[in-house]
Each structure stands twice: as structure tokens, then as C-alpha cells.
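Read the structure below first, then the notes.
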Amino acid sequence: MTWLIVTISFYLILSVVFLVDKYLLTGLIPNPKIYTFYVGTLGILTLIIAPFVNFYIPNPFQIILSLSAGAVFIYALFWFYKALSLFEASRVVPAISGLVPLFTFGLVYFSSLGRETLPFVKMIAFILLVFGSIFITFEKKKIINLKGFKISVLTAFLLSLAFTLTKYVYLEQPFWNGFIWTKIGGLLAAFLFFIFMPEIKEEIFKKKISFQKKTFGIFISNQMVGAGANVLQNWAIALAPLAYISIINALQGIQYAFLLIFTLFLSFKFPQILKEEISQKILLQKIAAILLIGGGLALLAFK
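Take 0 as the starting number for the sequence shown in numbering that gives the first Met the number 0 and just add one per residue.
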């Protein structure tokens with residue numbers, strides 16, 4: 000169950016990265032295309048480790064698969080960032096959190112011709128985790144509209160496809176080799192953003208003021224932390240059985256449980272920086288969601 004411990008660890012880190020991403024996208028870097036371009040191009044840094052991990056060129060099919068997995072992940076990030084920039088997180092995150100594990104479950108099932116599925120107890124855990132992930136972020140007064148739902152569906156499908164393709168990469172390649180090749184795919188996707196999206200060229204060459212020194216420092220620091228989380232995320236995908244990839248996605252509710260704890264702590268400890276008022280009804284809802292997630296984790300740990 001090492002993959003489960005690794006999964007919980009990277010969701011803890013991602014909860015911090017999510018907060019900073021939202022901060023940057025709501026003011027400092029409001030264009031999700033530019034934000035995605037910068038994230039994708041940072042993938043070139045993975046080439047630094049290539050000489051130290053026995054990096055090699057796999058067969059043509061694996062190259063295409065790896066590059067596709069990395070590229071799809073970058074495009075999924077673009078739509079996720081776009082959703083965050085257009086809508087409140089509380090409107091789109093519940094939909095994405097609920098749909099990603101369902102899409103992943105379906106993609107794994109059909110791509111394996113029905114051979115890869117969850118045992119009964121793990122299926123119950125999966126259901127509890129999905130509902131927990133939805134309930135912990137859901138707010139009745141902030142129902143998603145049709146446009147937000149469409150973007151959420153597209154984002155969820157692309158994320159699910161990226162996770163599934165990545166798992167198939169790790170079934171054939173050693174971890175670091177597959178990781179580097181998927182990042183090269185992400186880098187190529189970022190270059191396509193550069194070629195076909197004029198505003199990115201304008202941002203870089205005309206040096207419009209949107210990436211100030213302070214912003215750059217926050218962005219790079221956050222991406223360094225996010226890179227560590229991404230390595231752990233990929234490691235969890237590599238370690239987990241194929242049928243359990245959907246459970247990794249369903250465990251995203253843990254990330255929002257951490258977010259809730261961080262928000263409440265900051266609101267109590269530093270009210271001058273962050274003041275968060277949560278009604279008793281919403282707090283009970285989130286506690287119930289955490290209990291569902293805890294029940295799912297307990298069933299996962301049960302052998």
C-alpha cells in the first residue's frame with residue numbers, strides 16, 4: 000500500500016499549490032494560456048536528471064504514448080486553470096472532483112477490455128471517496144451553470160485520459176525514464192501554445208507587465224513545490240495497480256480536507272490575513288464528507 004501513502008503525501012502538497020495557483024490566476028497572471036505555457040516549459044528542467052537515471056529511447060509506440068500523456072496533461076491543466084479563472088472554485092471543483100475518477104474508471108475498464116476492475120470492498124471505498132470529494136467542496140448556493148459544467152467535463156476527461164495514458168507508460172518503462180518522456184510531451188504542448196496563440200508571443204517578446212519580479216518569485220517557488228508533488232503523483236501512478244488509478248483520483252477529497260484545515264487555521268491564527276466564516280451547516284457537511292473519505296481510506300487499508 001505504498002502507493003496510498005505516496006498519494007496522501009502529494010495531495011497534502013497540492014493543497015498548498017492550489018491556494019497559490021488560485022491567488023496568481025485571480026490577479027497576477029490572469030491569462031490561463033500564459034500560465035499553462037510557463038508551467039509546460041518548466042518541464043525542460045527534467046532533462047537535467049536524464050544523465051543520472053539511465054535515460055534511454057524506448058520503442059516508437061512508447062515514445063508516442065509518453066509524449067501524448069504529457070501533452071494531454073498540459074492541455075488538461077489549461078482547461079483547469081481556465082475554469083479557475085472564469086468561475087469560483089466552489090462551482091467547478093466539485094464537478095471535476097466527481098467526474099475525474101469516474102472517467103478514469105471507465106477508461107481503464109474499456110482500455111483493458113474489462114480485465115481491470117476493482118474488488119467489491121475497494122469498489123465501496125471508491126464510491127465513498129467520490130461522494131466525499133464532491134460533498135467537501137459542494138455549496139448549495141453556488142450551483143454550476145451550463146458553461147462551467149462543459150468546461151468541467153472537458154477538464155475531467157483530459158485529466159483522466161492523461162492519468163490513464165501515464166499508467167500505461169509506467170507499465171512498460173522504468174519510472175524516471177517514463178517521467179522524463181512525459182515531461183518532454185508537456186514541453187512540446189507548451190511550444191504549440193507558443194506557436195498558435197499570439198498573446199503568448201506578445202507577452203514574451205513585448206514584455207508586457209504581467210510577470211513582475213514578485214510574481215515571478217511566487218510562481219517559481221510554487222512550481223518547485225508543485226514539481227515535487229508531481230513527482231510523487233507520478234510515483235503513485237507507477238506503484239498502484241492499473242485498476243486502482245481511479246482510486247488515486249477519488250482520493251482528491253483528501254486535498255480539500257487539507258485545504259479546509261489550512262483555511263480554518265489561518266483564519267483563526269491570522270485573521271488579519273485571512274478571515275473565513277463557515278456556517279455550522281456547512282461545517283457539518285464538510286465533517287460528514289471527511290467521514291466518508293475516512294471510511295473510504297479505512298476500506299482501502301482493509302485487506
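For each residue, glycine too, the CB sits at the ideal point set by N, CA and C.
What you are looking at is a predicted structure, and each value in this text was computed from that prediction instead of being measured.
Euclidean distance between Cα positions of residue i and residue j
i	j	result
L323	S96	Lying before the first or after the last residue shown, residue 323 is absent from the chain, which here runs from 0 to 302.
N144	F137	14 Å
V5	W175	16 Å
Y243	L117	7 Å
Y74	A188	8 Å
Q271	L83	In this predicted model, Q271 has a pLDDT of only 48, less than 50, meaning its place in the structure is not dependable; the value taken from the coordinates is given anyway. Looking at the two C-alpha atoms, the distance is approximately 25 Å.
L41	G225	11 Å
L158	F72	6 Å
L299	M196	44 Å
L170	K280	45 Å
V99	I286	23 Å
V168	S111	14 Å
I150	F218	24 Å
Nonlocal neighbours in the same chain, by C-beta distance under 8 Å from residue i, ignoring five residues either side
i	result
I179	T45, L46, I48, A49, V52 and F54
Q172	P57, Q61, S65 and W180
Q254	Y10, L11, L13, S14 and F17
I208	At I208 the pLDDT is 46, less than 50, meaning the model places this residue with poor confidence; the figure from the coordinates comes in the next sentence. Here the set comprises nothing.
L282	none
Proximity below 8 Å, CB of residue i to CB of residue j
i	j	result
G356	G113	No statement about residue 356 is possible, as the shown extent of the chain runs from 0 to 302 and does not include it.
F125	S245	yes
L128	A249	yes
Close Cβ partners of residue i (< 6 Å) along its chain, the five nearest in sequence each way excluded
i	result
F79	T154
S8	L231
L258	S14
F156	F102
Run of the alpha helix (DSSP H) containing residue i, from where it starts to where it stops
i	result
Y167	L145 to E171
M122	F119 to T136
F193	F174 to F195
Y74	P59 to L85
L282	Q279 to A300
Cutoff 7 Å; reference residue i; Cβ partners in own chain excluding five residues on either side
i	result
I247	T6, A235, I236 and A239
N233	T165 and F178
V120	L298 and F301
G185	G39, G42, G69, A70, F72 and I73
F148	A94
Exercise for review: Ignoring anything shorter than 4 residues or poking outside the segment 209-243, list the alpha helix (DSSP H) runs there in chain order.
Suggested key: 212-238
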